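>
Protein chains in written order, with my numbering: chain A, 23 to 130; chain B, 4 to 147.
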């Protein structure tokens, strides 16, 4: 799992690449918490996110709560079908703003 | 056509870094038994959730323990059995998280076992000879 970061318009766009499982979630959480200290308008680009388990879902939820507390905003885009299914089962599609592509996430 | 009557029994240590081996074993089984490719994601997920729960919560000691995972395929049904010698724990008794709660009230944990139940067709627990036996069944006849 690795992430890359770029600033587009007023957003920090974080692309997640690989598998977000129990053994990688601590690194991901630390990296994301560091980004949140600099930016509270995030878009997580999940185009290359291949896999997520409950440990990864937990971090998405922690981030969303944190950004809400900071009056920030977090959007998700380009979820692969299997990941989208997990989000639906978990009720996450109701608490996250999810977009089909990055342009739509940037414009909304 | 998936391979019928195939069975594989694997043993892992109670360490989270075994997850990588479990992931590889599951991918291999999907390929070698001609199972639908998307089952790979489901298998990865339920195995990770069940295995992680055992490693983190089943043992009171710091000793090394063996966790057995058995895969069995018969007639478009995949049965996965996890056996551990930890303290008795029945995950089927755990309450579901409230997935309709608004963000502010939404609890951050408790999704693992819920996901196993949602992704599998049947989840059964038994305590046999001082061991936890968790049986997960997936029917995939109508899936591509």
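All C-beta atoms, glycine included, are put in the ideal place defined by N, C-alpha and C. All values reported here derive from a predicted model rather than from experimental measurement.
For residue 104 of chain A, return the contacting residues in chain B, with the cut-off set at a CB-CB distance below 8 Å.
By Cβ distance, chain B contributes 41 and 44.
> When burial is assigned at 16 or more other CB atoms within 10 Å of the CB, is residue 65 of chain B buried or exposed?
That one is exposed.
> Output needed in chain order: residues of the region 91 to 124 of chain B with a Cβ under 7 Å from some Cβ in chain A.
Those would be 102, 103, 106, 109, 111, 112, 114, 115, 118 and 121, in chain order.
> Would a check of beta-carbon distances place residue 31 of chain B closer than 8 Å to chain A?
Chain A contact via Cβ: absent.
> For a minimum of 3 consecutive residues, which ranges assigned as the beta strand (DSSP E) are wholly contained in the region 67 to 135 of chain B?
Within the region 67 to 135 of chain B, the complete beta strand (DSSP E) runs of at least 3 residues are 69 to 77, 80 to 87 and 125 to 131.
> Cβ of residue 6 of chain B less than 8 Å from any chain A Cβ?
For residue 6 of chain B, the answer is no, since every Cβ of chain A falls outside 8 Å of its Cβ.
> Going by the DSSP bridge assignment, what does residue 40 of chain A pair with across the sheet?
Its beta-bridge partners are A:71.
> CB residue 153 of chain B to CB residue 128 of chain B, shorter than 8 Å?
Look at the range of chain B in this structure, 4 to 147, and you will see that residue 153 of chain B is not part of it.
> Looking only at its chain, what residues have a beta carbon closer than 6 Å to the beta carbon of residue 11 of chain B, apart from the 5 residues adjacent to it on each side?
Excluding sequence neighbours, residue 11 of chain B sits near 74.
> Under 9 Å between beta-carbons, which chain A residues line up against residue 47 of chain B? List them in chain order, please.
Those are 41, 43, 73 and 75, listed as they occur along chain A.
> Hey, would you say residue 111 of chain B sits closer than 8 Å to residue 83 of chain A, going by beta carbons?
It is a contact, given that the beta carbons lie within the stated cut-off.
> Under the three-state reduction of DSSP, which class applies to residue 96 of chain A: helix, strand or coil?
Note: residue 96 of chain A maps to strand in three-state DSSP.
> Report all residues from its chain with a CB closer than 6 Å to the CB of residue 113 of chain B; omit the five preceding and five following residues, and keep chain order.
So the qualifying residues of the chain are 100.
> With a cut-off of 8 Å, does the C-beta of residue 55 of chain A fall near any C-beta of chain B?
So, not an interface residue.
> Please determine if the region 86 to 97 of chain A and the region 46 to 66 of chain A are in contact, where contact requires at least 3 C-beta pairs separated by less than 8 Å.
Judged by Cβ distances under 8 Å, the region 86 to 97 of chain A makes contact with the region 46 to 66 of chain A, as three or more pairs qualify.
> Please name the residue in B:119, B:123, B:124 and B:84 whose C-alpha comes closest to that of residue 130 of chain B.
Residue 130 of chain B has its Cα closest to that of B:84, out of B:119, B:123, B:124 and B:84.
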